[in-house]
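A.B. asks: Protein chains in written order, with the working numbering: chain C, 2 to 429; chain G, 2 to 429.
1. Could you tell me whether the segment 232-244 of chain G touches the segment 97-115 of chain G, where touching means 3 or more Cβ pairs closer than 8 Å?
2. Would you call the segment 367-374 of chain G and the segment 397-410 of chain G touching, i.e. three or more CB-CB distances under 8 Å?
3. Skipping 5 residues on each side, what residues in its chain have a beta carbon closer than 7 Å to that of residue 271 (chain G)?
4. Could you give the first and the last residue of the continuous beta strand (DSSP E) run that contains residue 112 (chain G)?
5. Flag residue 357 (chain C) as yes if its beta-carbon sits less than 8 Å from any beta-carbon of chain G, otherwise no.
6. Under 8 Å, Cβ to Cβ, is there at least one residue of chain C near residue 150 (chain G)?
7. What do you reckon, are the CB atoms on residue 61 (chain C) and residue 70 (chain C) nearer than 8 Å?
8. Comparing C-alpha positions only, which one of G:152, G:185, G:184 sits nearest to residue 169 (chain G)?
9. Can at least three beta-carbon pairs, one atom from the segment 321-334 of chain C and one from the segment 37-47 of chain C, be found at a separation below 8 Å?
10. Give me whichever residues DSSP pairs with residue 325 (chain G) in a beta bridge.
11. Using beta carbons (cut-off 8 Å, strictly below), is residue 372 (chain G) in contact with chain C?
12. Distance check for residue 390 (chain G) and residue 269 (chain C), CA to CA, integer angstroms please.
13. Between the segment 105-134 of chain G and chain C, which residues of the former have CB atoms less than 8 Å from a CB of the latter, in chain order?
14. In the segment 361-423 of chain C, which residue ranges form an unbroken beta strand (DSSP E) of at least 3 residues, counting only runs that do not cross its ends?
15. Along the chain, where does the alpha helix (DSSP H) that runs through residue 64 (chain G) open and close?
16. What's the C-alpha gap between residue 173 (chain C) and residue 406 (chain G)?
17. Output, in sequence order along the chain, the residues in the segment 213-237 of chain G whose CB is closer than 8 Å to any CB in chain C.
18. For residue 266 (chain G) versus residue 304 (chain G), is the C-beta distance shorter than 8 Å?
19. Based on Cα-Cα distance, which residue from G:223, G:11, G:167, G:343 lies nearest to residue 433 (chain G)?
20. Can you tell me whether DSSP reads residue 339 (chain C) as helix, strand or coil?
21. Taking a contact to mean a Cβ-Cβ separation below 8 Å, would you say residue 144 (chain G) touches residue 89 (chain G) in this structure?
22. Can you tell me whether DSSP reads residue 55 (chain G) as helix, strand or coil?
23. What residues of chain C sit near residue 391 (chain G), judged by a beta carbon separation below 7 Å?
24. With respect to the beta strand (DSSP E) encompassing residue 263 (chain C), which residues constitute its N-terminal and C-terminal limits?
25. Buried or exposed: residue 415 (chain G), going by 16 or more other Cβ atoms within 10 Å of its Cβ?
26. CB residue 14 (chain C) to CB residue 156 (chain C), shorter than 8 Å?
27. Using a C-beta to C-beta distance shorter than 9 Å, which residues of chain G count as neighbours of residue 381 (chain C)?
28. Flag residue 10 (chain G) as yes if its beta-carbon sits less than 8 Å from any beta-carbon of chain C, otherwise no.
29. Which residues bound the alpha helix (DSSP H) around residue 303 (chain C)?
30. Taking DSSP as the reference, what is the three-state secondary structure of residue 204 (chain C)?
31. Going by the beta-carbon positions, is the gap between residue 404 (chain G) and residue 167 (chain C) smaller than 8 Å?
32. Can you tell me the Cβ-Cβ gap for residue 110 (chain C) and residue 362 (chain G), rounded? I've got them flagged as a contact below 8 Å.
33. Quick one: grab the DSSP three-state call for residue 350 (chain C).
34. For a test of the three-state rule: what should DSSP assign to residue 211 (chain C), helix, strand or coil?
35. Given that residue 103 (chain G) touches chain C, what residues does it touch there, using C-beta distances under 8 Å?
36. Are the C-beta atoms of residue 400 (chain C) and some chain G residue less than 8 Å apart?
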């Protein structure tokens with residue numbers, strides 16, 4: 002790993018947003034499904050996924066879901082149940098309640114918190130079919146109280162066998178009861194606009210390939226969508242006491258994701274810097290995904306040596322990483338200085354994969370420096386708020402003149418008259 | 002107003018997103034300011050706003066702000082102070098606190114809530130320079146705890162006199178201390194990327210013309226932006242007891258905003274439908290902005306007659322209006338049925354302008370049917386959350402095997418090894 006000065010390093014990478022051809026393809030698919038419904042959905046499924054289906058076969062049956070349990074190891078089911086439990090417990094602590102405030106003059110103001118009515122979760126096929134992502138998208142929606150959560154996934158994620166049984170088990174354990182075997186831009190269009198077989202949703206979330214990402218952007222407005230995820234990142238902030246082999250292993254756990262992933266060590270110790278560089282070189286050679294990890298380290302990895310922990314935290318705040326590990330003595334004392342980081346892991350045993358799979362907090366976290374202004378997925382992403390306003394006659398009489406003054410200053414006489422007509426009727 | 006069947010009516014209007022030429026102009030301005038800083042900012046200010054400034058003149062001085070107070074009526078200052086107070090009190094009830102949860106095995110999980118560090122508020126010039134919008138954008142950020150709130154506005158919103166003194170007074174009362182006399186796409190670029198005179202922000206909000214809207218979209222990602230506001234809307238749900246003159250006045254208070262605004266009555270009473278139609282015809286003729294209001298009513302206005310209040314609420318939920326007035330007997334009993342509405346006004350005296358100017362809830366509310374999945378601006382729009390994870394040695398030893406099983410199932414051996422290396426060092 003190269004050792005670079007702090008000032009020269011930035012986490013921002015150019016993320017691909019699709020070619021004009023890909024955009025045109027996606028627009029055509031979305032329009033066709035919007036206007037033709039199931040007919041277009043089935044046509045594109047046959048053309049792109051090479052699976053011929055009838056409309057009645059789109060929905061995954063309960064029997065198919067039950068059968069999936071016999072195709073996976075019992076230990077996998079137990080692991081998923083444990084993860085689902087922890088994720089549920091953590092997200093339940095984010096639940097919010099409607100509130101209101103009353104005044105003696107009869108004024109009542111408040112906020113009504115409601116779940117979205119129907120949410121669609123996309124689960125990609127192939128190697129990106131991660132059971133953990135099913136839990137991380139579905140459970141926050143469920144805890145928010147979303148009554149209808151529907152999942153879509155390409156018809157042959159598990160090869161000729163149909164949908165990957167691990168995905169079906171994760172979906173069932175997360176509580177999904179409505180699943181369709183459709184993928185790609187056509188599935189996104191079906192969720193956004195509805196077809197004869199699939200009712201439209203209010204929000205679409207979940208990862209996907211470039212066609213899925215472009216389709217989500219295309220339907221945004223008709224429905225809400227989640228953020229486009231960038232490549233993964235980790236920053237480890239370590240002093241000279243940290244175990245270099247742990248630091249290196251954690252850096253590599255991000256680097257193996259993707260050649261564009263970024264793994265960065267910020268340390269107060271030059272000898273630690275060298276020790277971690279050596280460990281990374283040693284450990285990377287033993288990884289199955291070593292070519293990906295090595296490319297990530299070469300292009301987007303870095304070691305930054307700083308004079309003090311506080312200076313290191315300034316670097317962290319500037320980078321605003323997705324994942325931050327704080328492996329220094331008494332890490333709690335520095336929390337108050339850390340402004341920008343999507344998820345913060347404290348101490349030697351809080352390795353980043355703890356958060357990816359089991360601890361409970363969401364593993365969908367802002368990337369590419371956006372932790373400066375955005376947050377991990379949570380229950381708030383699946384609610385909506387309505388303001389509530391009740392003014393009594395007394396309150397309107399007492400405040401009407403102020404409202405009219407402000408409205409008239411802005412040249413909105415119609416606004417003023419809506420108040421005035423009431424005051425006049427009350428003889429004011 | 003035309004009376005239409007419920008099924009035929011939709012609130013969705015095609016909103017303009019700028020011509021290719023406008024997009025190209027904005028891209029060029031943004032790039033120039035990003036790369037040249039103040040030099041480009043001042044050049045575009047001279048070219049587009051016809052005001053020649055030096056960099057040292059960009060910032061509005063304290064003296065200029067103080068002088069503004071002598072140019073506005075004392076009653077305006079009092080009105081703005083009253084509104085600012087109410088908005089502050091309402092938004093303070095939304096403040097959230099960081100939380101954590103502890104387990105006996107040493108696990109600590111939580112969420113850290115932090116304000117954004119620096120927020121930019123755009124205030125348009127000309128007739129759209131609304132003091133009320135200054136309050137509605139600035140105060141939620143302030144209540145969230147944002148330490149730096151900076152405002153930009155075109156250099157001659159008040160004509161040759163410089164910036165509109167009413168805007169300066171509203172800004173001062175809202176607590177803004179850093180103001181710059183720059184507008185248009187060049188101001189958005191300066192906020193996003195920073196110049197020698199203006200430090201970059203984390204989020205930009207506030208209304209503007211099409212160039213401002215396109216520039217915000219262009220810089221999104223480098224900074225967060227607020228939603229693009231569509232044309233305003235009101236739905237009034239009224240029974241036969243509602244006062245037709247109040248209903249008509251409230252419908253017109255939205256219709257006068259904009260020719261694309263939409264004002265809709267949903268009523269259980271045919272005689273009420275006719276009475277409101279007559280009142281609208283009578284009242285619109287007396288409005289200064291009658292041509293705008295009439296165009297809005299003709300194009301996007303409607304009266305929908307339903308059999309029951311419950312059926313009316315189904316129509317409301319489908320339309321998901323920005324503003325909903327419920328003018329029926331005992332309106333509270335229907336609140337539980339109303340799923341989609343940005344702001345809900347209950348009873349005869351809760352006229353919509355009460356919420357626009359004074360009550361306290363935000364007047365920046367989802368439009369164009371997006372209340373199905375989004376919410377009025379509030380304190381949550383100016384915070385970010387970090388997940389906090391601490392696992393003890395004991396917790397990792399107890400859970401390591403589960404984490405490794407899930408990681409290996411997903412083909413991420415590097416994730417598993419980050420756990421394994423720790424377990425092995427502990428002799429497991």
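We treat Cβ as the ideally placed atom computed from N, Cα and C, and that holds for glycine.
C.D. replies: Straight from the coordinates:
1. no
2. no
3. 306
4. 109-116
5. yes
6. no
7. no
8. G:152
9. no
10. G:236, G:345
11. yes
12. 23 Å
13. 108, 109, 110, 112, 113, 115, 117, 118, 128, 131, 132, 133
14. 384-391
15. 63-70
16. 19 Å
17. 222, 224, 225
18. yes
19. Because chain G is modelled from 2 through 429, residue 433 (chain G) falls outside the range shown and cannot be assessed.
20. coil
21. yes
22. coil
23. 347, 348, 351
24. 263-268
25. buried
26. no
27. 381, 386
28. no
29. Residue 303 (chain C) -> not in any alpha helix (DSSP H); beta strand (DSSP E) instead, spanning 303-306.
30. strand
31. no
32. 6 Å
33. coil
34. helix
35. By Cβ distance, chain C contributes nothing, its closest Cβ being about 12 Å from residue 103 (chain G), past 8 Å.
36. yes
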